[in-house]
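*Asks:* Encoded as structure tokens, here's the structure I'll be asking about.
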Amino acid sequence: MKKWLKSLLFALTLIVGLAGCSEESSNDSSSSEKDSSAEQEIVVNAMSEPPDLDPAMATDTTSGWIIDHTFEGLYTKDQDGKPVLGAASDVQVSDDKKTYTFTIREDAKWSDGSPVTAQDFEYAWKRVLNPETGSAFAFYMYYIKGAEAYNKGKGSVEDVGVTAKDDKTLEVEFQSPIGYVDELLTMWTFYPVKKELVKSNGQWAAKPDTYVSNGPFKLTKWNHDSEVVIKRNDNYWNKDVVNLKKVTYKMVNDATTYYQMFKSGELDLIQTLPTDVIAQEKDSEEYKVTPYFGTYMYMFNVEKEPFTNKKIRKAFNLAIDRELITKNVTKAGEKPAYSFVPPGVETPEGDFQKNAEDYYVKKDVEKAKQLLKEGMKEEGWETLPEVTLLYNTSENHKRVAEVVQEMYKQNLGVDINLSNQEWKTYLDTTKQGNFQMARMGWIGIFVDPVVILDYYLGNSPNNRTNWINEEYDNLIKQAKVEQDPAKRYELLHQAESVLMEDLPFTPIYHYTNNYLTDQSYEGIVYPVNRYPYFKWAKKVSE
Amino acid sequence: MYIVKRILTMLITIWVIATLTFFVMKVIPGDPFASDADVLPPEVLENMRDKYNLDEPIAVQYVLYLRDLVTFDLGYSIQSQTRSVNAILADGATASALLGIQAMAIALVFGLLLGILAALNHNKIIDYVSMFIAIIGISVPSFILAPLLIKYFAVEWGLLPVASWGSWEHSILPSLALAASPLAVIARFMRSSMLEVMNQNYIRTADAKGLSTTKLVIRHGIRNAILPVVSFIGPLFVFLITGTFVIEKIFAVPGIGRYFVDSIFNRDYPVIMGTTIFFSVILVVTLFLIDISYRFIDPRIKLTSGGD
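Just so you know, the sequences run in chain order A and B. Residue 1178 is where the first sequence starts when you use the numbering used here, and the numbers rise one by one after that. Residue 79 is where the second sequence starts when you use the numbering used here, and the numbers rise one by one after that.
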């Protein structure tokens, strides 16, 4: 028996299997630092595959993040997040504020060098509204005359109030005057698409070679489930402000992995940090928290006992210590929510959310107890009907629900049950109204109280609470046509106070986004309700 | 004759699987178009459902599906409407298969080697060390092993990238993580099979005839001992090349593993069907090939329709 041979083989097996251990000293972290001299590029994490890069079809923030960089609407945002003219150079508003006439920039060009025309806009918008297209965001265009009828198959395309008067003049007629046209038109649903291309190729947005856009960047690579690469668009009219030559969106879904990729230098910007590292990165210069225009809440089904009673709903509101939840449970810098509209709306009198203080629902245990007692007396209940709090299956939602359960037990002496369902089943259940109290989150696509408050309109498909209030609906209707900003915000406050009086829900916290960004970049903009914007970003050091 | 019969059985198996999946899938509550923002007007929703034949009665949907299936048209994903299921499978399967083949190679080479060495050194130190490694390989789950590999190889020593996909270096760590547990299983299996064979009389005879140890082990030992291992590397191979959710997620591999899970959460019907059929086709075909390969490994086995 050649024992030595066997032993040698065995040793070899082990060595190859554990290769690398001995090379420890030869290769430190230098491999992660790429070539120096500030290459103007950035690698960021998009977390997952964007479902659709066609501005008409995209409904999610990942797709929106890329589309915002590759396209530009009539309005775009400046570095402070204010809407300014983008692909249009001029706008004329009629006296009745219903008709807007835009002049498309002379130098606005598609990434293939051809000019952006008013016809492209007209075609793009009508395509969104075409019921055949099946665009989920078409309803954002319902402000336009004839849009709703056409989208719902009840009107014709000729009656839609979007007309290209000539190559560079676009006329838009609105149903009624609205106070936030500029903000609305920065949405990606209103971006143009190149008419002759899209008409002839329904799959144009599926591949980089056929993807033509008019924004600061153009799509150059899309490896599904792995990465999307966009490069500076040299045909962009304002290309001089764009410094980055290349932005790479990686699709790394696992939180620990992307955190480690950031640490090893493979990613320059990551979002949604793993909860366990927030505490340790909190004081780092790379850490950034930005408000995200949305609210995490529990809805009450006002047709199911005990939430048929207003006082009981209020008691369930006042018994929650929201500060404790954001500080000790969610921990990612979220803001406790005492009303519905999140912070971030600037009004002449300051932040909309701060001015809502009159109707805040803050923790008040004594009052909660008393309201519960009164409510039960009104209904003639000896004991409170059993309550089940429903949430969609997720570790984070579970943690919040358990804390709320404990708060009700301590502050109200009420034992509630917890129950969870997988997401799509959950949507079905809540839609059919099979819940007493259920979790939901709502994020405004643009920063205006209207998009938030619309949620509880009587005819809103999202309103699953069965709460219908005419006064509320009326106030919002008035606010939508009110031209004077101060009056408009006043009406919206009134509407919100009606909502906060009746409380078909209980707000828990306002969302935030958190990021780690490599400090060698400057000029990255963090808009309130979108992901970071790289138009002006620049790498200044290695 | 045997082969024709087998192919027919394969087709029937796939049809049964497709049918069962189709109906079970429709029973799960939830709507592929539902989301937290219910913004589609009913009229538009109608159009979308129409596009995917969802407004037809289930029986009609089933017939339509089978009709398309026969022409290998698996339809379009509902989640990513510009991507066909065929494209998703083709893209994802490439990455998953590459990973699977590498992992399989690692698992086979080192697993067999460890198993054989352990058997030849029965109850000696090499045996114990090998089996210790095997037990670790079996008992440490991949979601622990993977982060450990990342921590040392990528973060601490900077030898390899943490994750993502593109170059060969990117595939090393996930292949290792994927190989660990099959490697251990193969090693244990091979060891016991080898021990059994080496105690057979024909081995003693060969030894007595003065055959060299190397020849004895390779020609008579391994060749006989490997048969039971071959029977389970088939399904193992299928499992490895069709992607694994955990490893692919941790290493951000653009494989097919996530679609098995995500498609169900999204109620992406065409993708659920596509992944299931894809998996079953590969499985039955591989099992078939394995059966045939016996013929070559062990000439004593004859392919007859009477069963094997």
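Where is the CB? At the ideal position from N, CA and C, for every residue including glycine.
#1: Pull up the distance between the alpha-carbon of N1597 of chain A and that of Q1696 of chain A, whole angstroms please.
#2: Rounded to the nearest angstrom, how far is the Cβ of I1618 of chain A from that of Y1473 of chain A, given a contact under 8 Å?
#3: What in chain B is Cβ-close to F1351 of chain A, meaning under 8 Å?
#4: Determine the burial state of K1422 of chain A: buried for a count of at least 16 other Cβ atoms within 10 Å of its Cβ, exposed for fewer.
#5: Between which residues of its own chain and D1267 of chain A is the CB-CB distance below 6 Å, once the five residues before and five after are set aside?
#6: Is there at least one Cβ from chain A nearer than 9 Å to V233 of chain B's Cβ?
#7: Report yes if the CB atom of F343 of chain B is closer than 9 Å to the CB atom of A265 of chain B, and no otherwise.
#8: With three or more C-beta pairs closer than 8 Å as the rule, is the stretch 192-199 of chain B touching the stretch 253-271 of chain B?
#9: Check the Cβ of V1334 of chain A against every Cβ in chain B and list those closer than 8 Å, keeping chain order.
#10: Based on the DSSP output, what are the partners of G1263 of chain A in its beta bridges?
#11: What in chain A is Cβ-close to K129 of chain B, meaning under 8 Å?
#12: Where do the ends of the alpha helix (DSSP H) carrying V1405 of chain A lie?
#13: Buried or exposed: which applies to S1723 of chain A, given that a residue is buried once 16 or more other Cβ atoms fall within 10 Å of its Cβ?
#14: Short check: CB of K1465 of chain A to CB of Y1692 of chain A, under 9 Å?
#15: Return the residue from the list B:S217, B:Q180, B:L198 that minimises the CA-CA distance to W246 of chain B.
#16: For the pair the stretch 309-316 of chain B and the stretch 158-170 of chain B, tell me if three or more CB-CB distances fall below 8 Å.
#17: Rounded to a whole number of angstroms, what is the C-alpha to C-alpha distance between K1487 of chain A and F100 of chain B?
#18: Any Cβ of chain B within less than 9 Å of the Cβ of P1513 of chain A?
#19: Sort A:D1257, A:N1646, A:T1294 by Cα distance to K1345 of chain A and report the nearest one.
#20: Would you be able to state if there are at least three C-beta pairs under 8 Å between the stretch 1359-1366 of chain A and the stretch 1246-1253 of chain A?
#21: So with CB distances below 7 Å, who are the chain B contacts of A1315 of chain A?
#22: Could you give the first and the last residue of the continuous alpha helix (DSSP H) run that contains A1672 of chain A?
#23: Determine the contact status of S1516 of chain A and E1673 of chain A, defining contact as a CB-CB distance below 9 Å.
#24: So, are the CB atoms of I1489 of chain A and L1561 of chain A less than 9 Å apart?
#25: Could you name the residues of the stretch 153-177 of chain B whose beta carbon sits closer than 9 Å to any beta carbon of chain A, in the order they occur along the chain?
#26: Can you determine whether any heavy atom of the ligand ATP sits closer than 8 Å to the C-beta of K1712 of chain A, and answer yes or no?
#27: Would you kindly report the start and end of the unbroken alpha helix (DSSP H) that includes L192 of chain B?
#28: Secondary structure at T1524 of chain A, three-state DSSP: helix, strand or coil?
#29: By DSSP's criteria, D1343 of chain A is part of a beta bridge. Which residues make up the other side?
#30: With 9 Å set as the bound, which would you pick, yes or no: does the beta-carbon of Y1703 of chain A sit closer than that to a beta-carbon of chain B?
#31: Just list the residues that DSSP pairs P1684 of chain A with in beta bridges.
#32: Return the first residue and the last residue of the alpha helix (DSSP H) that K229 of chain B is part of.
#33: Quick one: which chain A residues come within Cβ less than 8 Å of S242 of chain B?
#34: Report back the beta-carbon spacing between N1430 of chain A and M1224 of chain A to the nearest angstrom; my notes put them in contact at under 8 Å.
#35: Of the residues B:F329, B:P219, B:L89, which one's Cα is nearest the Cα of W243 of chain B?
#36: Ordered along the chain, which non-local residues of its own chain (more than five positions away) have a Cβ less than 6 Å from that of S162 of chain B?
*Replies:* From the atom records:
#1: Counted from its first residue, the first sequence places residue 1597 of chain A at position 420. Counted from its first residue, the first sequence places residue 1696 of chain A at position 519. Going from the Cα of N1597 of chain A to the Cα of Q1696 of chain A covers about 41 Å.
#2: Your numbering for residue 1618 of chain A matches position 441 in the first sequence. Your numbering for residue 1473 of chain A matches position 296 in the first sequence. The identity of residue 1618 of chain A in the sequence shown is Gly, whereas the question assumes Ile. Yes, G1618 of chain A and Y1473 of chain A are in contact; Cβ-Cβ is about 5 Å, under 8 Å.
#3: Against the first sequence, residue 1351 of chain A aligns to sequence position 174. Ordered by position in chain B, no residue passes the 8 Å Cβ test against F1351 of chain A, which lies about 19 Å from the chain.
#4: Indexing the first sequence from 1 puts residue 1422 of chain A at position 245. Classification of K1422 of chain A: exposed, given that the 10 Å Cβ count is below 16.
#5: Numbered from 1 along the first sequence, position 90 holds the residue referred to as residue 1267 of chain A. Contacts found: T1280.
#6: Here residue 233 of chain B is taken as the residue at index 155 of the second sequence, counted from 1. True, the Cβ-Cβ gap to chain A drops below 9 Å.
#7: As a position in the second sequence, residue 343 of chain B is number 265, starting the count at 1. As a position in the second sequence, residue 265 of chain B is number 187, starting the count at 1. The answer is no: Cβ separation not under 9 Å.
#8: Between the stretch 253-271 of chain B and the stretch 192-199 of chain B, the count of C-beta pairs closer than 8 Å reaches three or more; the two stretches touch.
#9: Locating residue 1334 of chain A in the first sequence gives position 157, where the first residue counts as 1. Correct list: empty, because the minimum Cβ distance to chain B is about 15 Å.
#10: Sequence index remark: in the first sequence, residue 1263 of chain A carries index 86 (1-based). Looking at the DSSP assignment, G1263 of chain A forms no beta bridge with any residue, so it has no partner.
#11: For this step, residue 129 of chain B is matched to residue 51 along the second sequence. Neighbours of K129 of chain B on chain A, chain order: G1311.
#12: Looking up residue 1405 of chain A in the first sequence gives position 228. It is not in any alpha helix (DSSP H) - V1405 of chain A instead sits in the beta strand (DSSP E) that spans 1404-1409.
#13: Nothing can be reported for residue 1723 of chain A, as the shown portion of chain A is limited to 1178 through 1719.
#14: In the first sequence, counting from the first residue as 1, residue 1465 of chain A sits at position 288. In the first sequence, counting from the first residue as 1, residue 1692 of chain A sits at position 515. Pairing K1465 of chain A with Y1692 of chain A gives a Cβ-Cβ distance under 9 Å.
#15: Residue numbering aside, residue 246 of chain B sits at position 168 when the second sequence is read from its first letter. Ranking B:S217, B:Q180, B:L198 by Cα distance to W246 of chain B puts B:Q180 first.
#16: no
#17: Start at 1 with the first residue of the first sequence, and residue 1487 of chain A comes out as number 310. Start at 1 with the first residue of the second sequence, and residue 100 of chain B comes out as number 22. Approximately 46 Å, taken between the alpha carbons.
#18: Locating residue 1513 of chain A in the first sequence gives position 336, counting from the first residue. No, P1513 of chain A does not count as interfacial toward chain B.
#19: The residue labelled residue 1345 of chain A in the question sits at position 168 within the first sequence. Here the closest residue by C-alpha is A:T1294.
#20: yes
#21: Numbered from 1 along the first sequence, position 138 holds the residue referred to as residue 1315 of chain A. Correct list: V122.
#22: Indexing the first sequence from 1 puts residue 1672 of chain A at position 495. A1672 of chain A -> alpha helix (DSSP H) spans 1662-1679.
#23: The count along the first sequence starts at 1 and reaches residue 1516 of chain A at position 339. The count along the first sequence starts at 1 and reaches residue 1673 of chain A at position 496. Yes; because the gap between Cβ atoms is below 9 Å, this pair is in contact.
#24: As a working note, residue 1489 of chain A is residue 312 in the first sequence. As a working note, residue 1561 of chain A is residue 384 in the first sequence. A contact, by the Cβ cut-off of 9 Å.
#25: S155, Q157, S158, Q159, T160, R161, A165, I166, D169, G170, A173
#26: The ligand content of the structure shown is nil, which means the ligand ATP is not present either.
#27: On the second sequence, position 114 is the one that residue 192 of chain B refers to. That run of the alpha helix (DSSP H) goes 163-198.
#28: Counted from its first residue, the first sequence places residue 1524 of chain A at position 347. Strand, per DSSP.
#29: Stepping through the first sequence from its first residue, residue 1343 of chain A is reached at position 166. Note: D1343 of chain A sits in a beta bridge opposite A:T1346.
#30: For this step, residue 1703 of chain A is matched to residue 526 along the first sequence. Chain B contact via Cβ: absent.
#31: Start at 1 with the first residue of the first sequence, and residue 1684 of chain A comes out as number 507. P1684 of chain A pairs with A:M1474.
#32: For the purposes of this step, residue 229 of chain B is taken as the residue at position 151 of the second sequence. Taken as a continuous stretch (DSSP letters only), K229 of chain B belongs to no alpha helix (DSSP H), as it is neither H nor E.
#33: Residue mapping note: residue 242 of chain B aligns to position 164 of the second sequence, counting from 1. What S242 of chain B touches in chain A: S1403, E1404, K1427, V1429, M1438, E1443.
#34: Numbered from 1 along the first sequence, position 253 holds the residue referred to as residue 1430 of chain A. Numbered from 1 along the first sequence, position 47 holds the residue referred to as residue 1224 of chain A. Right, their Cβ atoms sit about 6 Å apart.
#35: Position 165 of the second sequence holds residue 243 of chain B. Closest option to W243 of chain B, Cα to Cα, is B:F329.
#36: Position 84 of the second sequence, counted from the first residue, corresponds to residue 162 of chain B. Around S162 of chain B: Y154.
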